[in-house]
Structures are given as structure tokens and as C-alpha cells.
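Residue numbers (UniProt numbering): 1 to 316.
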């Protein structure tokens with residue numbers, strides 16, 4: 001029996017993506033899928049993103065390809081979380097696949113997701129593999145798959161949403177966020193993204209979902225191409241030891257995770273962040289073997305909370 005694939009909304013979220021957005025649009029245009037709504041949601045770009053996108057969207061072939069096309073613009077920059085919410089609320093269809101304007105959907109992205117959903121009808125939040133490329137989406141520039149092996153540390157099929165919530169309280173173990181595919185009712189249940197978190201939007205969302213009993217599903221197949229490049233707002237590469245996302249994420253974790261964690265774990269994480277900030281202030285943030293060595297010594301072997309937590313685990 002041939003599967004009937006439902007319509008999908010594909011919002012493209014942009015901010016200063018003039019060099020990449022056409023390639024993102026073309027990847028959606030070339031999907032092996034019929035019913036697609038395309039949304040272009042721009043967060044007040046200051047380059048030519050809007051002009052380039054508008055010109056591409058005005059083509060007759062584009063109007064013929066998609067069942068609907070929307071353009072969402074704002075008068076000032078509101079951050080990623082607000083842009084996510086705008087595009088979700090504007091979506092016509094229940095199933096939604098958001099993509100950043102510098103990434104691409106692989107040709108069978110939507111079909112592969114629905115083939116998985118057919119075998120797992122309770123799935124409303126699905127992740128898959130992401131292919132990483134350096135600068136351009138050509139095979140010589142392919143670097144790795146995320147994750148490269150099945151992520152049993154979080155996505156083991158027998159784990160419940162409660163199990164996943166408790167694991168995510170310890171740390172955000174999802175490194176393949178661009179593959180996120182979901183049903184609208186999930187966002188309605190959790191109350192959408194917290195717009196106070198302008199850049200760190202993922203960790204609070206995974207915690208809200210799993211705490212409310214929404215299980216995260218995963219299938220081991222690539223569906224997204226992710227571009228590593230110098231212009232990405234969350235991309236600083238491997239040149240620094242302490243990534244800015246670690247420090248920004250900590251401020252969010254204080255609100256959404258720490259109230260549910262044992263005090264020993266909170267103090268352990270707090271001490272790691274203190275040391276991380278100290279390394280940055282002292283100019284020790286270059287990603288060298290020497291700095292790596294002293295950072296590990298400081299955050300693990302000289303960290304008393306590391307030993308207190310180990311003793312506590314053994315006692316329990």
C-alpha cells in the first residue's frame with residue numbers, strides 16, 4: 001500500500017544570509033515531495049537577504065511549485081526564538097520543518113521523516129542525522145555526520161519522555177538540532193519558544209517537551225546539510241577552547257535546569273563556568289594542547305565538586 005504523505009510547512013529563518021538563502025530555497029524546491037508551503041521569515045536583516053529572497057520567491061516556477069508562499073518581516077531584530085514562533089504560528093499545515101537560511105534540506109528529508117512516523121505513529125518530535133560541510137555543500141567539503149553513531153545516551157527507543165528529561169537536566173545532548181521535525185500541537189502544548197532567550201532557544205524547548213511527557217524520537221539517516229562558516233552567529237569554529245554557547249547556555253540552564261538538580265550538581269556546573277570565564281579573562285581561550293591540559297586539570301582534577309559528586313553517586 002502506497003503511503004499518503006501529508007502537506008508540510010517549511011519556514012526558512014533568515015538573518016543576514018544573502019550569500020546562502022537561494023541555495024536553501026532551491027533545496028526545498030528540489031525536495032522529492034509534493035505538498036509544501038514555503039515561508040520566508042526574516043529577522044530584520046541589514047544586508048540584501050530580503051531583496052534576494054523576494055526576487056527568488058516572485059518567480060512563476062516557484063509559485064507553481066509550492067501550494068502557498070508567505071513572506072514574514074519585522075521592523076527590528078527580535079532574536080531566533082521570536083522568529084521561530086512567528087513562523088510556526090503563521091504555518092498553514094500541522095507538520096513543520098524549519099530550516100536556517102544557510103543550511104539545506106536533503107532531497108528525501110520529508111519523505112524519510114514520514115516513513116519513520118508511519119512506523120512510529122506516536123512520534124510528534126523527530127530528529128535524524130545532519131551532514132556537516134565546510135563552507136559549501138560539495139562532497140570534498142563534507143566533514144562529518146552528527147551524530148555519527150546512534151545516540152543511545154538519549155534516544156534509546158525504550159527511554160520514556162521522563163527518562164529523557166532527567167538526562168537533559170544534566171546536559172543538552174542534542175547536537176543535531178537542525179534536523180528537528182515536529183507537529184504543531186507540540187508547540188501549542190508547551191507554549192512555544194521563550195522569547196526572552198534570544199539565541200539559546202533549544203535547551204529550554206527540549207526540557208519543556210520532555211517534562212510535559214512529549215518523547216523525542218530519532219532515526220539514523222541524514223536529512224539535513226549544515227554549513228560551517230565564519231558568518232554564522234553561533235559558529236566560532238575550533239579556534240577557541242571555551243565556546244560562547246557554553247557561557248550563554250549556562251545562563252539559560254540556571255533558570256530551566258538548576259531548580260530540578262541536586263545542589264552538588266549545580267555547584268559542580270557553577271565551578272566549571274567560573275573557571276571557564278577565568279580562562280577567557282586571562283587570555284587562555286586559544287584552543288591549544290597546553291590550554292586544553294590546564295583546563296581539564298582545573299575543571300576536573302582540581303574541582304572538589306567532581307569528587308563530591310562521585311562519592312554521592314557511589315553512596316546511592
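The C-beta atom is built at its ideal place from N, Cα and C for all residues, glycine as well.
Using a Cβ-Cβ distance cut-off of 8 angstroms, the stretch 220-231 and the stretch 266-280 are not in contact, since fewer than three pairs of beta carbons, one from each stretch, lie closer than that value. Assignment of alpha helix (DSSP H) within the stretch 214-284, counting only whole runs of 4 or more residues, yields 244-256, 263-281 in chain order. The three-state reading of DSSP puts residue 133 in strand, counting E and B together.
Taking the CA atoms as reference points, residue 110 sits about 8 angstroms from residue 31. In the structure shown, the three-state DSSP call for residue 100 is strand. Check the Cα spacing between residue 98 and each of 243, 212, 42: the tightest is with 42. It is roughly 12 angstroms from the alpha-carbon of residue 18 to the alpha-carbon of residue 25. For residue 44, the closest alpha carbon among the candidates 217, 82, 75, 269 is that of 75. By the Cβ-count criterion, residue 33 is buried, with 16 or more other Cβ atoms from all chains shown falling within 10 Å of its own Cβ. The C-beta distance from residue 7 to residue 67 rounds to 7 angstroms, short enough to meet the 8 angstroms contact threshold.
For residue 107, the CB contacts under 7 angstroms within the same chain, skipping 5 residues up- and downstream, are 30, 31, 32 in chain order. Within its own chain, the residues whose Cβ lies closer than 6 angstroms to the Cβ of residue 208, once the five positions on either side in sequence are excluded, are 190, listed in chain order. Taking a contact to require three or more Cβ pairs closer than 8 angstroms, the stretch 45-59 and the stretch 116-130 do not qualify as touching. Assignment of residue 202 by DSSP, reduced to helix, strand and coil, places it in the helix class. Residue pairing from DSSP places residue 11 in a beta bridge opposite 39. A direct Cα-to-Cα measurement between residue 38 and residue 93 gives close to 11 angstroms. Relative to residue 143, the option among 291, 287, 229 whose CA is nearest is 229. When the five nearest sequence neighbours on each side are left out, no beta carbon in the same chain lies closer than 7 angstroms to the beta carbon of residue 255. A direct Cα-to-Cα measurement between residue 136 and residue 227 gives close to 7 angstroms. According to the DSSP assignment, residue 54 belongs to the alpha helix (DSSP H) that extends over 49-57.
The bridge partners DSSP lists for residue 74 come to none.
Where residue 24 is concerned, the enclosing alpha helix (DSSP H) starts and stops at 21-29. In the structure shown, residue 143 adopts extended strand secondary structure according to DSSP, grouped into three states.
Secondary structure of residue 297 (DSSP, three-state): helix. Residue 242 places its beta carbon 8 angstroms or farther from that of residue 303.
In the structure shown, residue 119 adopts helical secondary structure according to DSSP, grouped into three states. Residue nearest to residue 28 within the set 101, 4, 316, 129 is 101 (criterion: CA-CA distance). By a beta-carbon distance limit of 8 angstroms, residue 176 contacts residue 129. Their separation comes to about 6 angstroms.
A straight line joining the alpha-carbon of residue 166 with that of residue 90 spans about 32 angstroms. Take residue 257, set aside five residues on each side of it, and the residues of its chain with a beta-carbon closer than 6 angstroms to its own are 169, in chain order.
Taking the Cα of residue 296 as reference, the smallest distance to any Cα among 272, 181, 314 is reached at 272.
If you check the CB distance, residue 216 and residue 127 come in under 8 angstroms.
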